[in-house]
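Read the structure below first, then the notes.
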Amino acid sequence: MAFNQNLVETFLMAAPFYRFRAGTFFAAMAFMTTVHGQSDCRPAPLGVAQLVEIRPGFHRVQGLLAEFDPCHRSVQLSMPGFLADKLADKPPLMIIAHGGNGPGSAEQEMVRRMNARGVATLLFDAYEMNGFQYRGTSLFLTGTTNESRQRMIFKSTLGAYHWIRQNPRVDTTRLYIHGLSNGGSVALNMAAVVDPAHVRVVFAEGAPSAGIGMPDQIRVPLKMVFGKMDNYGGRTQDDWMHLRTDPCVVNQPAEGAAAGTAQRCSLRVNPASQGLSPYQWAEQLKAEGQPVEFWFYDDAAHGLLAGAIDRGMRTYGSGPTASQRYGWIGASSKAANLFVADLMGSIKASYP
11 MAFNQNLVET FLMAAPFYRF RAGTFFAAMA FMTTVHGQSD CRPAPLGVAQ
61 LVEIRPGFHR VQGLLAEFDP CHRSVQLSMP GFLADKLADK PPLMIIAHGG
111 NGPGSAEQEM VRRMNARGVA TLLFDAYEMN GFQYRGTSLF LTGTTNESRQ
161 RMIFKSTLGA YHWIRQNPRV DTTRLYIHGL SNGGSVALNM AAVVDPAHVR
211 VVFAEGAPSA GIGMPDQIRV PLKMVFGKMD NYGGRTQDDW MHLRTDPCVV
261 NQPAEGAAAG TAQRCSLRVN PASQGLSPYQ WAEQLKAEGQ PVEFWFYDDA
311 AHGLLAGAID RGMRTYGSGP TASQRYGWIG ASSKAANLFV ADLMGSIKAS
361 YP
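Quick note: the sequence shown uses this note's numbering, first residue 11, plus one each step.
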């Protein structure tokens, strides 16, 4: 089947971002990815990512994980629209590593705001790439370990990074990575494996201590982003995300990640010990002269672009082993706008 390249370019440039819930947009995505050539496609083989219940209602993912597939229906490569700010002839691009419940309103709001300001975005669903049909369930929101979610997201994000570096429509010397929550842990690990010739800055928002660990060395500047009210997953109201530590038993290294805390603190290594908090880890790197900076925001909880503040609770697992935790999300509009202004300040600083 032949495709009209000019039509493709017009479609991409005109749309600020695409919502893939509707069938017509799924068709549009298939149309766009075909332009890259079917040789790019990497559909997951049967039998990847097996769920194992480790206690009632709570799971771990085991087995081979899927590669990033640019032809997957969840892949959302969004270009700035005609009315967007223009930063250069080719736009910079932000890779968005989604949070623990998959791509949601916060990730789509990031897409919208970045596209309007001249930044292309690449968003995808790592869980769907691994064959999980989870929408409308709490499977990944409160029913799966952090390390399982992060391992899937990390592998997809690493593959997305390698793929987008070859895209001629964006400035591949000005790539950025943002991740929220479990995606924040993925983002800070990406800072240890990317090439500084391509990635300028990584933004890790609301990263927890539990998961795939934190690297010993980073290769690009890293912004650690937290709302001052972020107690997501906390046992008490003031169990702040950036100060929280977790036992080593909840950690597991990710395939392709750089060496770090998970080599010394995991399910298999010192499982009874306590790990570092994100704050402790970042302060250690700063003391070594590594390029880490904290961004803290007033009137903000978990997910600065997740909408108005919601002081809710979360129940993890089910039955007698279920645990209830704090789950405050969102931020004031002032905090959200300041965060976006700070993001754009970092992006624009890469230009002469």
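Positions of the beta carbon are idealized from the N, C-alpha and C atoms, including for glycine. In this text the structure is predicted, and so the values were computed from the model without any measurement.
Measuring CA to CA, which of Y242, H312, L103 and G322 is closest to A345? H312
Quick check: the Cα distance between R278 and N347, rounded to an integer number of angstroms? 42 Å
So what does V180 bridge to, in DSSP terms? The partner list for V180 (beta bridge, DSSP) is empty, contrary to what the question assumes.
Leaving out the 5 sequence neighbours to the left and right, which residues in its chain are closer than 8 Å to P257 when beta-carbon positions are compared? P281, A282, S283, Q284 and G285
Let me check understanding here. Comparing Cα to Cα, which of N140, R127 and D249 lies closest to F92? R127
Closer than 7 Å by C-beta to R321: which residues in its own chain qualify, once you throw out the five before and the five after it? Chain order, please. W338
What does the Cβ neighbour count give for G146, buried or exposed, with the cut at 16 atoms within 10 Å? exposed
Cβ neighbours of D352 in the same chain (closer than 7 Å, five flanking residues each side left out): W305
Under a CB-based cut-off of 8 Å, is V204 close to chain C? This model lacks chain C altogether, as it is built from one protein chain only.
Considering only residues of the same chain and omitting the five flanking positions on each side of R229, which have a CB-CB separation below 7 Å? A201, A202, V204 and P206
When you compare only the Cα positions, how much space is there between Q294 and S49? 43 Å
Exposed or buried, which one is A297 when buried takes at least 16 other CB atoms within 10 Å? exposed
Between which two residues does the beta strand (DSSP E) carrying Q334 extend? S333 to I339
Would you please state the rounded distance, in angstroms, between the beta carbons of G194 and G169? I believe it to be under 8 Å. Contact flag wrong, Cβ pair sits at about 19 Å.
With distances taken from CA atoms, which of V350, Y289, P80 and M139 is nearest R175? P80
If you draw a straight line from the C-alpha of M120 to the C-alpha of I187, how long is it? 12 Å
Can you list, in chain order, the residues of its chain with a C-beta nearer than 6 Å to that of L109? Leave out the 5 residues immediately preceding and following it. The identity of residue 109 in the sequence shown is Gly, whereas the question assumes Leu. Only L190, S191, N192 and G193 meet the Cβ criterion.
Are A264 and R159 touching if we call contact CB-CB under 8 Å? no
4-residue-minimum alpha helix (DSSP H) runs that sit fully inside the stretch 85-173, ordered along the chain: 115-126, 136-139 and 149-152
Buried versus exposed, by CB contacts within 10 Å (16 or more), D135: buried
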